[in-house]
DNA sequence: GTTACTCCCGTAGTCAGCTACGGAATCAAG
DNA sequence: CTTGATTCCGTAGCTGACTACGGGAGTAAC
């Protein structure tokens, strides 16, 4: 379990990360995952680092980063260009915070809607929509 | 400002919502925005409700709802099927909460990264990536 | 050493969400 | 009543992120 063979084929890696083989190959083509050591025969072998990277991609993606952005994040990995790194991180952080705020607002809206729905005698006025129509200026962000 | 003419053409509406005309027409085709009163001549006129709806769509979209989901949300507008509404809202709420949690985690990670970056003597070890590689099980959600 | 599974690699297709195009009709100005 | 911008509508194209396909080569099991 914690003793992972340092050589998985792409299929095993796919299973381990619960992604498709094709997806991994796609990430390779996009330069998000390195194609490892040129094979002796001709089959590549992946290690835990590769797996970690796939996890990273998944998480970041789920959090709303595009593959391009993830690529940028990954470029920071070497630790060089720390300034760049920080700038990117700061922008992202800002974005994140706005998103969190919006989501929280949405959460409480939805929550109170659910509450009201639950106890409503008058099911004619579920006010989700109304409360979301307020013309807030959403930064068209990501 | 608060005295909006109750008749904008699609072009004006587009400007008011800062969306493209084509986008609005696309939403109409998808049934997210109604095409208003069959025109006398043949040009449609939109009111503030339409604008509000566009705001709604934008916001919801930014918050991670797909157009299909937005469609569902919008179907609740009439206030009927309150149960359905509540179920949908509850599912979304759940989703939202998981997302907020993940984003917060990411936020603090990024935040401490930025801090560390800022005061680091050793720019060789920006630890964003490392901290994101932890294999947390992201629900592949949305 | 044949069978059956993977792998490799390139190319092509899919889905969501737009965005652009083209041609006819309409409307507003002058 | 002509000019020029808009609208209308259908259809086609684009971007991001996959997903599938096809054919040849490697490899493991019997």
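Chains as they are written, first to last, in the working numbering: chain A, 56 to 197; chain B, 56 to 197. By construction, the Cβ of each residue, glycine as well, lies at the ideal position given by its N, Cα and C atoms.
- Residue 68 of chain B places its beta carbon less than 8 Å from that of residue 101 of chain B.
- For residue 155 of chain B, the nearest beta carbon of chain A is closer than 8 Å to its own beta carbon.
- In terms of Cβ geometry, residue 151 of chain A and residue 151 of chain B do not form a close pair [threshold 8 Å].
- Only exposed fits residue 97 of chain B, as fewer than 16 other CB atoms lie within 10 angstroms of its CB.
- Taking 8 Å as the CB threshold, residue 87 of chain B stays off the interface with chain A.
- In the DSSP annotation of this structure, the continuous segment of the alpha helix (DSSP H) that includes residue 105 of chain B starts and ends at 103 to 117.
- With its beta carbon at least 8 Å from every one in chain B, residue 67 of chain A lies outside the interface.
- Residue pairing by DSSP places residue 63 of chain A opposite A:101 in a beta bridge.
- If you ignore the 5 residues before and after residue 63 of chain B, its C-beta comes within less than 6 Å of the C-beta of 101, all in its own chain and listed in chain order.
- The C-beta separation of residue 106 of chain A from residue 72 of chain A comes to about 6 Å, placing the pair in contact by the 8 Å criterion.
- A residue is called buried when at least 16 other Cβ atoms come within 10 angstroms of its Cβ; residue 119 of chain A meets this threshold and is buried.
- For residue 87 of chain A, there is no enclosing alpha helix (DSSP H), since its DSSP letter is neither H nor E.
- When only Cα atoms are considered, residue 114 of chain B and residue 84 of chain A end up about 34 Å apart.
- The DSSP-derived three-state label of residue 72 of chain A is helix.
- If the five residues before and after residue 78 of chain B are omitted, its C-beta is found closer than 8 Å to the C-beta atoms of 69, all from its own chain and listed in chain order.
- Considering only A:159, A:147, A:76, the residue with the shortest C-alpha distance to residue 116 of chain A is A:147.
- For residue 147 of chain B, the chain A residues whose Cβ falls inside 7 Å of its Cβ are 165, in order along the chain.
- For residue 105 of chain A, no CB of chain B lies under 8 Å from its own CB, so it is not counted at the interface with that chain.
- Linking residue 163 of chain B to residue 89 of chain A through their CA atoms gives a straight-line distance of about 28 Å.
- Between residue 65 of chain A and residue 99 of chain B, the alpha-carbon positions lie close to 56 Å from each other.
- Here residue 121 of chain A carries a coil assignment [DSSP, helix/strand/coil].
- With a threshold of 16 other beta carbon atoms within 10 Å, residue 156 of chain A falls short and is exposed.
- Straight-line measurement puts the Cα of residue 92 of chain B at about 43 Å from the Cα of residue 149 of chain A.
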